[in-house]
Structure formats: structure tokens, C-alpha cells
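Chemist: Sequential numbering of the sequence shown, starting at 6, is according to the working numbering.
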Amino acid sequence: MLMVKRQQKKLQQQLQHVQEPTWQNKAKSDLKVALCFIAPSLIGVLIFILIPFIDVIRRSFFGAMSGKFVGLKNYSAIFQNEAFKLATMNTLKFTVICIPLLILSSLGLALLIHQLGKKAQLFKMTFLLPMAIPVASVVLLWQVLFHQNGLLSKGIIALGGQGVDWMKTDWSFWILILSYLWRNIGYDMVLWLAGLSTISPAVYEAAKVDGATGWQQFIKITIPQLLPTLFTIVVLSLLNSFKVFREAYLIAGDYPHDSMYMLQHLFNNWFVSLDIDKLSAAATVVAGVIFILVLLLQKTWEEDAE
Numbered sequence: 006m007l008m009v010k011r012q013q014k015k016l017q018q019q020l021q022h023v024q025e026p027t028w029q030n031k032a033k034s035d036l037k038v039a040l041c042f043i044a045p046s047l048i049g050v051l052i053f054i055l056i057p058f059i060d061v062i063r064r065s066f067f068g069a070m071s072g073k074f075v076g077l078k079n080y081s082a083i084f085q086n087e088a089f090k091l092a093t094m095n096t097l098k099f100t101v102i103c104i105p106l107l108i109l110s111s112l113g114l115a116l117l118i119h120q121l122g123k124k125a126q127l128f129k130m131t132f133l134l135p136m137a138i139p140v141a142s143v144v145l146l147w148q149v150l151f152h153q154n155g156l157l158s159k160g161i162i163a164l165g166g167q168g169v170d171w172m173k174t175d176w177s178f179w180i181l182i183l184s185y186l187w188r189n190i191g192y193d194m195v196l197w198l199a200g201l202s203t204i205s206p207a208v209y210e211a212a213k214v215d216g217a218t219g220w221q222q223f224i225k226i227t228i229p230q231l232l233p234t235l236f237t238i239v240v241l242s243l244l245n246s247f248k249v250f251r252e253a254y255l256i257a258g259d260y261p262h263d264s265m266y267m268l269q270h271l272f273n274n275w276f277v278s279l280d281i282d283k284l285s286a287a288a289t290v291v292a293g294v295i296f297i298l299v300l301l302l303q304k305t306w307e308e309d310a311e
């Protein structure tokens, strides 16, 4: 018996020595294949994003014309610049208002459409349609509605009032918010629907058996299960809120009404005037703030998940 056990142990050891290199070789082979697929994207990101951004950070410490090292002078200049303060406050205000509105409205629509099931296909197409409309067409729609001689002003005149050029008043900021919600609500709704589809109906059925109300199911089941989706939507909405520029630029030019003068307008104007030093410093600050916000969001979500 002892001889048999010893032979079995030797056989197992030999098999382990034979199998381990095979497994390691397979892992190395899979890694090489994966790198071959990822390499083009990594090279593209490196050439077109990382290297240019590193150069932007470098330029933020040098003078635009002289090329001399100026330290933090460019950063001090932008924080004392009134246009930068105005654009920052407007962008911050826009982000703080838009993101909660977008998250809540898209979640409400997703819950409604999810309840309707297959009958909601038409609604999905309706809310996704704004994403397919070119920006130039959106600008034309703005002019038709909000110009001094547009439909809205004509309606007010018909009621005995006076026509208003809405894009040159404080209302322009809220029109920009409405446009952002209109264009992005369908995309976020689809993300919510994807998250809702991962929740098993059996969980809701078990909760009903236990006597849970609809609101309790939403709070105790739906919201916790949608936290990963919520993180994705918040990050994407945050990034997209910094891209609201084209519509305002096409309809109001380089210098729109003060209420919707965003950081994108400021960056564009500094680029045209070749203030590359201030532009680089401001871009570095904004990128740093966004990066920190995303890290804080990720940390918050990880703590909630634990």
C-alpha cells in the first residue's frame, strides 16, 4: 500500500510539472493576443490625447510668446481674470442644475417605459430622436422659437405683449439647459433601461410576497441594484455638461449673453487670440477638477457598495 501511495504522489507531482508550464504558456499567449487588439487604441490615445495633454501642462508654466519659464504666473492670471470667473460660475451653475434634472427625468422615463414593456418601442425612438438631429438643425429650431420675430414672441404679441429676443436675455441660460436635457435624456434613459433589465423579476415577486409596497421595492431593490448604472450616468453627464458649446456658439457667436458664457466660449476666444499660456493653465485646472470629481464619485460608490 505504501508503495502504491508513493507512486501516486510521484505521478501527481509529474503531472503538476507538466501542467503548470502549459497553463503559464496559455496565459502568456492570451496576454499577447489581448495586447495586439488593445495596442491600436492605446497608441491612438497616447498620440492624440496623452502626449498633447502633457504638452498642454508644460505650456501652462511657460510664456506664450517668450517661451520662458514663468512658474505659476499663468495660473495666477486666470484666477484674476473676470472672464474666467464668469465662465466658471456659469459652467458650475449649469452642471449643478442640469445633472440632477437629467438623472431624475431620465430615470422616471426609464421606469415608465420599463413597466410598459414591448409597447414602449415608439417612446424609445421618440426620446432617442434628438441625438440624431444635427446641431445646425437644432440652431435653426432655436431661431424659429426664440428669435425676436420667432413663434414664441409672436404668440406674446398676439396676447398684447412685446416681442423678446430670448437669446439676449437671462432666459438664454434656461434655454441652454432645456436644449441639453432634450438632447441627452434619451441616451441616459437607455442606460437606465439597461440597468433595469439586469434586475431579476423574481426579486420583486419575493418582495411582494413579503408585503413590500411599490415604494419600498424601489428604495430597497431598484436603487441599490442601479448604483453602478448611476455612477456611469453621473460621470457621462458631467463630461457632457462641459460640451454644451456648439449650439450657443452657432446662434450667439463668440460672445453670447453673459448668462450662458461658458468655459468653452472662453477657451475658444483665448485660442483665437493666441493666449495659449492662459488657455493651457485653464485647461489644466479644469481637467484636474474633473479628474478629482470622478475619483471622489468612484470612492463614494465603492463605499456604498461595501
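Just so you know, even glycine gets a beta-carbon here, dropped at the ideal spot from N, CA and C. Computed from a prediction, not measured in an experiment: that's the story for all the values here.
Can you have a look at Met130 and say buried or exposed, based on whether 16 or more other CB atoms are within 10 angstroms of its CB?
Modeler: Taking the sequence shown and counting its residues from 1, one reaches residue 130 at position 125. Classification for Met130: exposed.
Chemist: Closer than 6 Å by C-beta to Ser285: which residues in its own chain qualify, once you throw out the five before and the five after it? Chain order, please.
Modeler: Position 280 of the sequence shown, counted from the start, is the residue given in the question as residue 285. Hits under 6 Å: Val61, Arg64 and Ser65.
Chemist: Skipping 5 residues on each side, what residues in its chain have a beta carbon closer than 6 Å to that of Arg251?
Modeler: The residue given as residue 251 occupies position 246 in the sequence shown. Closer than 6 Å at the Cβ level, and outside the excluded window around Arg251, lie Val140.
Chemist: Please tell me whether Asn95 and Ser264 are closer than 8 Å, where the distance is taken between their beta carbons.
Modeler: Stepping through the sequence shown from its first residue, residue 95 is reached at position 90. Stepping through the sequence shown from its first residue, residue 264 is reached at position 259. It is a contact, given that the beta carbons lie within the stated cut-off.
Chemist: Can you tell me the Cβ-Cβ gap for Gln153 and Gly168, rounded? I've got them flagged as a contact below 8 Å.
Modeler: Stepping through the sequence shown from its first residue, residue 153 is reached at position 148. Stepping through the sequence shown from its first residue, residue 168 is reached at position 163. That belief holds up - the Cβ atoms of Gln153 and Gly168 are roughly 5 Å apart, short of 8 Å.
Chemist: With a threshold of 8 Å on Cβ separation, who are the neighbours of Trp38 within its own chain once the five nearest residues in sequence on each side are excluded?
Modeler: Within the sequence shown, numbered from 1, the residue matching residue 38 stands at position 33. The amino acid occupying residue 38 in the given sequence is Val; Trp does not appear at that position. Counting only Cβ-Cβ distances below 8 Å, and skipping sequence neighbours, we find nothing.
Chemist: Kindly indicate which three-state DSSP category Phe74 falls into: helix, strand or coil?
Modeler: On the sequence shown, position 69 is the one that residue 74 refers to. Residue state, collapsed to three classes: strand.
Chemist: Would you mind listing the alpha helix (DSSP H) stretches within the segment 206-253 that are 4+ residues and don't spill past its ends, in chain order?
Modeler: Counting only runs of 4 or more, we get 206-214, 219-222 and 232-246.
Chemist: Which class does Phe53 belong to by DSSP, given the choice of helix, strand or coil?
Modeler: On the sequence shown, position 48 is the one that residue 53 refers to. Helix, per DSSP.
Chemist: Where do the ends of the alpha helix (DSSP H) carrying Pro154 lie?
Modeler: By 1-based counting over the sequence shown, the position of residue 154 is 149. It is worth fixing the name first, because residue 154 is Asn in this sequence and not Pro. Note, Asn154: premise wrong, no alpha helix (DSSP H); not H, not E.
Chemist: Between Tyr254 and the rest of its own chain, which residues show a CB-CB distance below 8 Å, the 5 nearest in sequence each way excluded?
Modeler: For the purposes of this step, residue 254 is identified with residue 249 of the sequence shown, where counting begins at 1. Correct list, in chain order: Pro261, Gln269, His270 and Asn273.
Chemist: I'd like to know whether the C-beta atoms of Ile238 and Leu196 end up nearer to each other than 8 Å.
Modeler: As a first step, residue 238 is located in the sequence shown; it is residue number 233 there, counting from the start. As a first step, residue 196 is located in the sequence shown; it is residue number 191 there, counting from the start. Going by C-beta atoms, Ile238 is nearer than 8 Å to Leu196.
Chemist: Exposed or buried, Gly219, counting other C-beta atoms within 10 Å across all chains shown (16 or more means buried)?
Modeler: Sequence index remark: in the sequence shown, residue 219 carries index 214 (1-based). By the neighbour-count rule (16 or more Cβ atoms within 10 Å), Gly219 is not buried but exposed.
Chemist: Mind checking whether Thr100 and Ser246 have CB atoms under 8 Å apart?
Modeler: Looking up residue 100 in the sequence shown gives position 95. Looking up residue 246 in the sequence shown gives position 241. Their beta carbons are under 8 Å apart, which means Thr100 touches Ser246 by this criterion.
Chemist: Tell me, which residues are paired with Phe380 by DSSP?
Modeler: In the structure as shown, the chain starts at 6 and stops at 311, and residue 380 therefore has no counterpart that could be examined.
Chemist: Anyone know if the C-beta pair for Leu231 and His119 falls short of 8 Å?
Modeler: Translated into positions along the sequence shown, residue 231 becomes position 226. Translated into positions along the sequence shown, residue 119 becomes position 114. Against a cut-off of 8 Å, the Cβ pair of His119 and Leu231 comes out as no contact.
Chemist: Which residue marks the beginning of the alpha helix (DSSP H) containing Trp171, and which one marks its end?
Modeler: Position 166 of the sequence shown holds residue 171. Segment: none, Trp171 is in no alpha helix (DSSP H) and carries neither H nor E.
Chemist: Taking Leu107 and Ser242 to be in contact with their CB atoms under 8 Å, please state how far apart those CB atoms are, rounded to whole angstroms.
Modeler: Your numbering for residue 107 matches position 102 in the sequence shown. Your numbering for residue 242 matches position 237 in the sequence shown. Confirmed, Cβ separation roughly 5 Å.
Chemist: Hey, out of Val208, Leu51 and Lys90, whose CA is closest to Met267's CA?
Modeler: In the sequence shown, the residue the question calls residue 267 occupies position 262. For the residues Val208, Leu51 and Lys90, the minimum Cα distance to Met267 belongs to Lys90.
Chemist: Within 8 Å of any Cβ in chain B, is that where the Cβ of Gln269 sits?
Modeler: Judged by its chain identifiers, the structure shown contains no chain B, having just a single protein chain.
Chemist: Which residue comes first and which comes last in the alpha helix (DSSP H) that contains Asn273?
Modeler: Along the sequence shown, one-based indexing puts residue 273 at 268. Element bounds for Asn273: Leu268 to Val277.
Chemist: Confirm, please, whether the CB-CB distance from Tyr209 to Gln222 is below 8 Å.
Modeler: On the sequence shown, residue 222 is found 217 positions in, with the first residue counted as 1. On the sequence shown, residue 209 is found 204 positions in, with the first residue counted as 1. Yes; because the gap between Cβ atoms is below 8 Å, this pair is in contact.
Chemist: Please report the straight-line C-alpha distance between Gly72 and Ile297, rounded to a whole angstrom.
Modeler: In the sequence shown, residue 72 corresponds to position 67, counting from 1. In the sequence shown, residue 297 corresponds to position 292, counting from 1. So the two alpha carbons sit approximately 30 Å from each other.
Chemist: With a threshold of 7 Å on Cβ separation, who are the neighbours of Val299 within its own chain once the five nearest residues in sequence on each side are excluded?
Modeler: Numbered from its first residue, the sequence shown carries residue 299 at position 294. Result list for Val299: Val240, in chain order.
Chemist: Out of Ile180, Lys173, Asp170 and Trp176, point me to the one whose CA is closest to Val143's CA.
Modeler: Here residue 143 refers to the residue found at position 138 when the sequence shown is read from its first residue. Answer by Cα proximity: Ile180.
Chemist: Cutting at 7 Å between CB atoms, please list the residues of its own chain near Asp175, excluding the five before and the five after it.
Modeler: As a working mapping, residue 175 is identified with position 170 in the sequence shown. Hits under 7 Å: Ser264.
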